[in-house]
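The sequence shown lines up with residues 117 to 423 when you count with my numbering.
Positions of the beta carbon are idealized from the N, C-alpha and C atoms, including for glycine.
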Amino acid sequence: MPREITSLHVDQALSNFARDYRNGGFQGHRIFPIFPVLKESDKYHIFTKRDAFRSEETLKGTNSAPRIKEWSVSTDSFACEEHALRGIIPDRERNNSDPAIDIEGKTVEDLTDSLLLAYEIRVAAIVTSTGNITQNTTLSGTSQWSDFTNSNPITDVRTGRNTIHKATGKNPNRCAMGREVFDKLVDHPDLLERIKYTREGITTEQLIAALFGVEELLVCEALKDSANEGQTASLAYAFGKDLLLFYADDKPSKRTVSLGWTFAAQDLLVKRKRNDDIDADMFDVGHIVDEKLVAADCGYLIKNAVA
Numbered sequence: 117m118p119r120e121i122t123s124l125h126v127d128q129a130l131s132n133f134a135r136d137y138r139n140g141g142f143q144g145h146r147i148f149p150i151f152p153v154l155k156e157s158d159k160y161h162i163f164t165k166r167d168a169f170r171s172e173e174t175l176k177g178t179n180s181a182p183r184i185k186e187w188s189v190s191t192d193s194f195a196c197e198e199h200a201l202r203g204i205i206p207d208r209e210r211n212n213s214d215p216a217i218d219i220e221g222k223t224v225e226d227l228t229d230s231l232l233l234a235y236e237i238r239v240a241a242i243v244t245s246t247g248n249i250t251q252n253t254t255l256s257g258t259s260q261w262s263d264f265t266n267s268n269p270i271t272d273v274r275t276g277r278n279t280i281h282k283a284t285g286k287n288p289n290r291c292a293m294g295r296e297v298f299d300k301l302v303d304h305p306d307l308l309e310r311i312k313y314t315r316e317g318i319t320t321e322q323l324i325a326a327l328f329g330v331e332e333l334l335v336c337e338a339l340k341d342s343a344n345e346g347q348t349a350s351l352a353y354a355f356g357k358d359l360l361l362f363y364a365d366d367k368p369s370k371r372t373v374s375l376g377w378t379f380a381a382q383d384l385l386v387k388r389k390r391n392d393d394i395d396a397d398m399f400d401v402g403h404i405v406d407e408k409l410v411a412a413d414c415g416y417l418i419k420n421a422v423a
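As structure tokens, then:
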């Protein structure tokens with residue numbers, strides 16, 4: 117009787133492969149750059165914008181003193197909150213897990229991704245709200261960029277650029293958009309017409325950034341599941357179908373301006389603890405932060421950029 121192929125091998129888990137899903141496209145830290153702070157709550161100074169742009173009489177008479185110019189300052193505050201998650205690996209699970217699982221790496225990775233997703237959702241909720249970003253417009257119908265015949269993304273973005281500059285004297289240096297907005301822009305005839313003669317070796321993101329007059333284009337691809345636990349996953353992009361044009365400063369100084377910062381009393385930190393009562397190792401991942409909108413006039417929001 118011939119041997120069966122299946123009798124020559126006993127199925128076991130592969131040591132170099134395991135299927136897993138990973139979230140990605142996190143851009144919250146590029147919208148609100150990390151600002152390390154010593155205390156979890158504190159105040160910061162706000163100099164009056166009008167002082168920087170007010171035209172003063174500078175003519176000085178021969179026998180008169182120079183005209184006195186004064187400036188004013190106020191304060192605002194931040195209050196960091198701790199966000200943390202814990203993973204537990206019992207000794208029995210560790211001893212019986214296959215190499216491909218990488219049980220410690222998977223646990224820390226999962227905790228970190230969950231924290232980053234929660235952070236991404238918080239930042240997105242702030243900067244896609246017309247109540248927060250008061251310089252905004254909402255597109256509808258034929259003005260939405262999914263209408264390739266009637267819409268004009270470059271004109272809409274130029275309006276946003278001019279709005280920010282007139283309000284702050286700053287040109288926006290970044291643009292953040294949902295994945296669905298990006299997918300429409302790469303096929304939009306207005307953009308394709310302008311980039312068809314560009315040289316090779318430049319990514320689509322770089323080309324669109326150049327057309328929009330910004331240094332960096334952020335495609336926000338993080339997905340969130342709105343289904344209840346135990347139900348089939350219902351995924352949607354955390355940033356939605358909006359576009360945010362803004363100025364951000366990665367190196368805050370005593371007198372600088374930026375759309376916002378993530379005040380961080382503690383950046384992402386992994387702690388490992390042993391619990392002999394339950395014969396397990398515990399992994400805590402957390403950070404202590406406050407995502408703060410500091411200068412709303414450094415941003416311009418285009419709501420519902422695509423249908």
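Test item: CB-CB of D406 and F151 under 7 angstroms: no
Distance check for A216 and G144, CA to CA, integer angstroms please. 31 angstroms
Which of helix, strand or coil does DSSP assign to V239? helix
Taking Cβ to Cβ, would you say K357 is nearer than 7 angstroms to E296? yes
The beta strand (DSSP E) that contains N252, what's its start and end? 252-254
R202 lies in the alpha helix (DSSP H); which residues open and close that run? Taken as a continuous stretch (DSSP letters only), R202 belongs to no alpha helix (DSSP H), being part of the beta strand (DSSP E) at 197-206.
So within the segment 321-373, which uninterrupted beta strand (DSSP E) runs reach at least 3 residues, ignoring any that extend past its ends? 332-336, 339-341, 351-353, 359-362
Residue of H403, L361, F148, T372 minimising C-alpha distance to T279: L361
If we ignore side chains and look at the alpha-carbon of each, how far apart do K419 and A396 end up? 48 angstroms
Going by other Cβ atoms of all chains shown within 10 Å of its Cβ, with 16 needed for buried, is T250 buried or exposed? exposed
Does DSSP classify S259 as helix, strand or coil? helix
Only counting the same chain, and skipping five residues up and downstream in sequence, which positions put a Cβ closer than 8 angstroms to that of L130? Unreliable placement is indicated for L130, whose pLDDT of 43 sits below 50; the coordinate value is still reported in the next sentence. Closer than 8 angstroms at the Cβ level, and outside the excluded window around L130, lie A216.
Out of R208, A411, G346, A326, point me to the one whose CA is closest to D67's CA. Look at the range of the chain in this structure, 117 to 423, and you will see that residue 67 is not part of it.
Close beta carbons around H161, own chain, < 8 angstroms, minus the five adjacent residues each side: V189, S190, T191
Looking only at its own chain, which residues have a Cβ that is under 6 angstroms from the Cβ of G203, when we skip the five neighbours before and after it? T223, L227, F399
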